[in-house]
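Colleague: Could you have a look at this structure, given as structure tokens, before my questions?
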Amino acid sequence: MVLFVKRVGVVGGGAMGSQIADIMAINGKEVIIKDISEEYLKKARENVENNLDSLLEFNVTRADKEIERIEKTNQIQLTDEQKNKIKETLKPKFNEDMKKEAMDKIQTTTDYKEFNDVDLVIEAVLETVDLKKQVFAELDKNTPSHAILATNTSSLSVTEIASVTNRPERVVGVHFFNPPVTLPLVEVIPGMETSEETVNDMIDFMSSIRNHRYPMQPIRVKEVPGFLVNRILFAMMNEAYSCYDEGVASMRDIDLAMKAGAGMPMGPFELSDLVGIDVIYHVEEEVRKMIGGNTMRQPSQTIRKLYHAGRYGKKTKRGFYDYR
Ligand SMILES: NC(=O)c1ccc[n+]([C@@H]2O[C@H](COP(=O)([O-])OP(=O)(O)OC[C@H]3O[C@@H](n4cnc5c(N)ncnc54)[C@H](O)[C@@H]3O)[C@@H](O)[C@H]2O)c1
């Protein structure tokens with residue numbers, strides 16, 4: 006079967022869910038976001054609106070910024086003809102009408118009943134397996150039998166989450182990366198019972214849509230703790246936390262080192278604050294539970310302390326850095 010997606014359900018309208026809803030809406034899909042209260046849903050819509058405003062601003066200012074960049078880097082003055090050519094090539098591809106159209110596609114709810122006509126659900130609630138199992142049991146009861154149920158888990162077992170449903174062959178991991186509106190990678194992770202058809206449908210679907218900048222780029226990844234990107238990334242981040250704990254260099258200098266010396270776009274502490282200290286804490290706890298305490302070390306003391314102090318990073322305005 007080739008999956009035809011008209012309507013997408015998103016469970017959890019937080020940092021990831023609101024951006025996933027945004028991506029679906031700009032690709033012309035009807036979206037229904039479910040969260041636990043009207044307050045969270047209001048925040049989710051505000052997040053989408055802010056992101057779409059950034060997309061508008063990016064489109065409107067892109068040509069002028071490129072002209073400025075070329076003139077500055079090459080110390081030249083472009084002619085009007087050259088400027089017009091750049092303006093024509095980089096003319097806005099997203100406008101106010103498109104923003105309104107995308108916003109109109111997004112509905113919100115606190116009730117699963119409104120998932121009765123979705124073709125695909127992407128779950129993005131907190132990273133704890135018990136909560137995700139509760140959500141999937143509800144989804145199984147409240148969505149049409151043809152719908153694919155996908156989880157954006159960063160670390161949990163897709164097989165375990167699927168086990169509470171009567172359609173494990175149509176449950177799959179689709180792991181987006183923060184911020185998904187600009188990062189195009191999606192890890193597609195089959196659980197033990199996921200059918201090949203579901204995996205292929207997800208890969209085809211993801212290949213057919215774009216985020217704010219690029220076509221999405223799905224890759225197939227085996228269900229292993231941490232999947233692919235986080236397995237590599239967390240090893241590096243943990244080294245950075247240790248270097249900080251041992252006083253090898255200051256936090257700012259470690260961030261600077263990895264940007265200026267290793268070509269990373271963000272330093273490990275900046276990235277941690279963006280991802281969320283709570284998300285990192287839960288991912289490390291869950292991965293350690295899955296593969297055993299001897300093969301993965303405990304979350305760093307600094308991560309534990311920040312987590313228990315409620316300093317989750319940018320979302321709470323304090324994490325490694327202070328954003329107040
Ligand atoms: N933050 C990241 O960088 C990142 C990257 C990739 C994947 N993920 C994964 O995405 C998921 C969500 O992470 P996030 O950073 O968006 O978290 P978040 O805390 O920003 O958002 C979670 C949302 O889920 C809602 N929620 C909780 N229980 C719910 C329920 N029963 N029904 C509906 N909504 C419920 C919360 O109210 C909140 O709005 C996690 O599984 C995380 O591991 C996060």
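Under our numbering, the first residue of the sequence shown carries the number 6, and numbering increases by one thereafter.
For each residue, glycine too, the CB sits at the ideal point set by N, CA and C.
So, helix, strand or coil for residue 187, using DSSP?
Modeller: Residue state, collapsed to three classes: coil.
Colleague: Beta-carbon within less than 7 Å of residue 189's beta-carbon, same chain only, minus the 5 sequence neighbours each way: which residues are those?
Modeller: Around residue 189: 216, 219, 220, 221, 222.
Colleague: Examine the Cβ distances between the segment 14-29 and the segment 48-63 and report whether three or more of them are shorter than 8 Å.
Modeller: Yes, the segment 14-29 touches the segment 48-63.
Colleague: Have a look at residue 88 and residue 160 and give me their C-alpha separation to the nearest angstrom.
Modeller: Approximately 48 Å between the Cα atoms of the pair.
Colleague: Going by alpha carbons, who is nearest to residue 198 out of 187, 210, 169, 209?
Modeller: Comparing Cα positions, the closest option is 169.
Colleague: Which first and last residues belong to the alpha helix (DSSP H) in which residue 287 is found?
Modeller: Taken as a continuous stretch (DSSP letters only), the alpha helix (DSSP H) holding residue 287 covers 282-296.
Colleague: Between residue 272 and ligand 1, is there a pair consisting of the residue's CB and a ligand heavy atom that are separated by less than 7 Å?
Modeller: Residue 272 Cβ: outside cutoff for every heavy atom of ligand 1.
Colleague: Buried or exposed: which applies to residue 291, given that a residue is buried once 16 or more other Cβ atoms fall within 10 Å of its Cβ?
Modeller: Residue 291 should be labelled buried.
Colleague: Given the structure, does residue 166 come close to ligand 1, in the sense that its CB is under 7 Å from one of the ligand's heavy atoms?
Modeller: False, no ligand heavy atom lies under 7 Å from that Cβ.
Colleague: Go ahead and label residue 150 buried or exposed: buried means 16 or more other beta carbons lie within 10 angstroms of its beta carbon, across all protein chains shown.
Modeller: It counts as exposed.
Colleague: Roughly how many angstroms separate the alpha carbons of residue 121 and residue 36, rounded to a whole number?
Modeller: Their Cα atoms are separated by approximately 13 Å.
Colleague: Mind checking whether the beta-carbon of residue 320 lies closer than 7 Å to any heavy atom of ligand 1?
Modeller: Residue 320 Cβ: within cutoff of ligand 1.
Colleague: Using the rule of at least 16 other Cβ atoms within 10 Å of the residue's Cβ for burial, across every protein chain shown, is residue 128 buried or exposed?
Modeller: Residue 128 is buried by the Cβ-count criterion.
Colleague: Looking at residue 132 and ligand 1, is the gap between the Cβ and the nearest heavy atom below 7 Å?
Modeller: Within the cutoff, so yes.
Colleague: Between the C-alpha atoms of residue 138 and residue 165, what's the straight-line distance to the nearest angstrom?
Modeller: Between residue 138 and residue 165, the C-alpha separation is close to 8 Å.
Colleague: Report the three-state DSSP secondary structure of residue 139 (helix, strand or coil).
Modeller: Of the three classes helix, strand and coil, the one that applies to residue 139 here is helix, per DSSP.
Colleague: Is the beta carbon of residue 277 sitting closer than 8 Å to the one on residue 325?
Modeller: Yes, the pair counts as a contact, with Cβ atoms nearer than the cut-off.
Colleague: Please confirm whether residue 27 and residue 57 have their CB atoms less than 8 Å apart.
Modeller: Yes, the pair counts as a contact, with Cβ atoms nearer than the cut-off.
Colleague: Starting from residue 50, follow its DSSP beta bridges and name the residues at the other end.
Modeller: DSSP, once it has assigned bridges, lists no residue as partnering residue 50.
Colleague: Does ligand 3 have even one heavy atom less than 7 Å from the beta-carbon of residue 136?
Modeller: Among the ligands modelled here, namely ligand 1, ligand 3 does not occur.
Colleague: What are the boundary residues of the alpha helix (DSSP H) that residue 12 is part of?
Modeller: Here residue 12 belongs to no alpha helix (DSSP H); instead the beta strand (DSSP E) covers 12-16.
Colleague: Taking buried to mean at least 16 other C-beta atoms within 10 Å of its own C-beta, is residue 195 buried or exposed?
Modeller: It is buried - the Cβ of residue 195 has at least 16 other Cβ atoms within 10 Å.
Colleague: What do you reckon, is the C-beta of residue 2 under 7 Å from a heavy atom of ligand 1?
Modeller: The structure shown does not extend to residue 2, since the chain spans only 6 to 329, so no value can be given for it.
Colleague: In chain order, what residues of the same chain lie with their CB nearer than 8 Å to the CB of residue 210, ignoring the 5 residues before and after it?
Modeller: Correct list, in chain order: 8, 10, 125.
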